Amino acid sequence: FTVELLLRIAAYGRWFFQVLGWQWACLDIILVALSYVDVILVILDIEGQSQTGAAKALSFIRMARIMRMIRMLRLFGELRLMLQMVLNSLLSLFWLLIFLVLL
Numbered sequence: 230f231t232v233e234l235l236l237r238i239a240a241y242g243r244w245f246f247q248v249l250g251w252q253w254a255c256l257d258i259i260l261v262a263l264s265y266v267d268v269i270l271v272i273l274d275i276e277g278q279s280q281t282g283a284a285k286a287l288s289f290i291r292m293a294r295i296m297r298m299i300r301m302l303r304l305f306g307e308l309r310l311m312l313q314m315v316l317n318s319l320l321s322l323f324w325l326l327i328f329l330v331l332l
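Numbering (this note's numbering), first residue to last: 230 to 332.
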């Protein structure tokens, strides 16, 4: 995510926060920063200790990354539709394979 963010900043330059979807750019910056905090906390082994406030924050940081994946699903609506169609056709494919084995 860091490389993607740096490439987008390099591409847009000073207009990075002025392009369409600048809110997503802010979310990306927050998520990248939280990922670095997550790495630092794992290195310091905060998670291995009791359920302190830092360990709970670490769990929240990990859940925040899911927001980025939701954004990606929104951007690829057609891909999601195709995946849904393939998954819905698996039952028919199963019965087709049974039928072919019986022949």
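No residue lacks a Cβ here, since even glycine has one placed at the ideal position from N, Cα and C.
Treat the numbers as computed from the prediction; the structure is a model and nothing was measured.
Collapsed DSSP secondary structure at residue i in the structure displayed
i	result
G306	helix
Q252	helix
F323	helix
Q247	coil
F328	helix
Cα-Cα separation, residue i to residue j
i	j	result
V248	L234	14 Å
A254	F230	12 Å
V330	A262	54 Å
F323	L316	11 Å
F328	E307	31 Å
Residue j beta carbon less than 9 Å from that of residue i
i	j	result
R237	D257	yes
Boundaries (first-last residue) of the alpha helix (DSSP H) holding residue i
i	result
L236	T231 to Y241
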